[in-house]
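Chains A and B, in that order, are what the protein sequence lines are.
For what it's worth, our numbering labels the leading residue of the first sequence as 262, then goes sequentially.
For what it's worth, our numbering labels the leading residue of the second sequence as 104, then goes sequentially.
The block underneath contains the structure these notes are about, expressed in structure tokens.
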Amino acid sequence: GAVVSQHPSWVICKSGTSVKIECRSLDFQATTMFWYRQFPKQSLMLMATSNEGSKATYEQGVEKDKFLINHASLTLSTLTVTSAHPEDSSFYICSARHNEVLELFFGSGTQLSVL
Amino acid sequence: AQSVAQPEDQVNVAEGNPLTVKCTYSVSGNPYLFWYVQYPNRGLQFLLKYITGDNLVKGSYGFEAEFNKSQTSFHLKKPSALVSDSALYFCAVRDKGAGSQGNLIFGKGTKLSVKP
């Protein structure tokens, strides 16, 4: 149980376009999901906390208008990178919180490459 | 503020030998500690956690970790390493800050390399 699915696994896009990444909890309801960014050989950097039915909470330094987060249901959160630029190229990972346990469950990540 | 430190960027061991990946923590109150493993271009997989109780915690794939309150450590161990254990390992502590909503704070990660 406690499976989190993240799609797509990788995406290549042109500079200026927008990219949407989906994060789904397959067998549990996740009231809270987290979005991270990871640079090569580095740790995870929390970008924002996504709550079902309310606005996301962004970490300091993360542009709200650049990284749009929507948590429309208890099993789905999306991250949209708007007007992507090469510096947005990174590995993006989502995680979901299951109310009955303390550990987080992670998606498989999305490698974004902006040309 | 909660934090974890992984002092080693990389650990090299020979297959069949015991392995240890180090982690120390700094928290206020009782810590909730976790270990995760990440394979290349993949998300993180949960290995084990310490909440309370026995200091030796057993987890997935034969891994275990020992909680040491006096040394504020939570080292990950395995008696006999496999080549397939080669991956990036993250120690984490649960964020207890206001509004944290259960987020985890991760160490920088330790790359484990197991040679045949």
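Backbone N, C-alpha and C fix where the C-beta goes; we use that ideal spot for every residue, glycine too.
If you're wondering where the values come from, they're calculated on a predicted model, not measured in any experiment.
Item to check | Gln148/B - containing beta strand (DSSP E), residue span | outcome: Where Gln148/B is concerned, the enclosing beta strand (DSSP E) starts and stops at 147 to 153.
Item to check | Contact under 7 Å by Cβ, Gly63/B with Leu150/B | outcome: Not covered by the structure: residue 63/B. The range shown for chain B is 104 to 219.
Item to check | Opposing strand residues paired with Gln267/A [DSSP bridges] | outcome: According to DSSP, which records beta bridges pairwise, Gln267/A is partnered with Cys284/A.
Checklist entry - Closest by CA to Ser279/A, which one among Glu361/A, Val264/A, Trp296/A, Leu329/A? => result Checked all of Glu361/A, Val264/A, Trp296/A, Leu329/A; the closest Cα to Ser279/A is Leu329/A.
Item to check | chain A contact residues for Lys152/B, given Cβ-Cβ distances below 8 Å | outcome: What Lys152/B touches in chain A: Leu363, Glu364.
Checklist entry - Taking 7 Å as the CB-CB cut-off, is Leu335/A touching chain B? => result No, because no Cβ of chain B sits closer than 7 Å to the Cβ of Leu335/A.
Item to check | Continuous beta strand (DSSP E) assignments of at least 3 residues falling wholly in the segment 327 to 352 of chain A | outcome: Counting whole runs of 3 or more residues, the segment 327 to 352 of chain A contains the beta strand (DSSP E) stretches 328 to 334, 337 to 342.
Checklist entry - Do Ser351/A and Gly212/B have their C-beta atoms within less than 7 Å of each other? => result Taking C-beta atoms as the reference points, Ser351/A and Gly212/B fail to come closer than 7 Å.
Next on the checklist: Residues of chain B with CB closer than 8 Å to the CB of Leu307/A, please, in chain order.
Outcome noted: Chain-ordered, the chain B residues with CB closer than 8 Å to the CB of Leu307/A read Asn206.
Next on the checklist: Rounding to the nearest angstrom, what Cα-Cα distance links Thr127/B and Ala333/A in this structure?
Outcome noted: Distance from the CA atom of Thr127/B to the CA atom of Ala333/A, rounded to whole angstroms, is 38 Å.
Next on the checklist: Counting only C-beta atoms, is Gly226/B closer than 7 Å to chain A at any point?
Outcome noted: The requested residue 226/B does not occur in the structure, where chain B is confined to residues 104 to 219.
Item to check | Euclidean distance between Cα positions of Tyr135/B and Glu348/A | outcome: For Tyr135/B and Glu348/A, the gap between their C-alpha atoms comes out near 35 Å.
Checklist entry - Residues of chain B with a CB under 8 Å from the CB of Ile354/A: which are they? => result Chain B residues near Ile354/A: Gly146, Leu147.
Next on the checklist: Can you determine whether any heavy atom of the ligand FAD sits closer than 6 Å to the C-beta of Met308/A, and answer yes or no?
Outcome noted: Looking for the ligand FAD in the displayed structure turns up nothing, as the structure carries no ligands at all.
Next on the checklist: I want to see whether chain A comes within less than 7 Å of Lys161/B, judged by CB atoms only; does it?
Outcome noted: False, the Cβ-Cβ gap to chain A never drops below 7 Å.
Next on the checklist: Residues of the segment 120 to 149 of chain B in Cβ contact with chain A at a cutoff of 8 Å, in chain order, please.
Outcome noted: Residues of the segment 120 to 149 of chain B whose Cβ lies closer than 8 Å to any Cβ of chain A, in chain order: Tyr135, Phe137, Tyr139, Asn144, Arg145, Gly146, Leu147, Gln148, Phe149.
Item to check | Span of the beta strand (DSSP E), counted from its first residue to its last, around Phe295/A | outcome: Its beta strand (DSSP E) spans residues 293 to 299.
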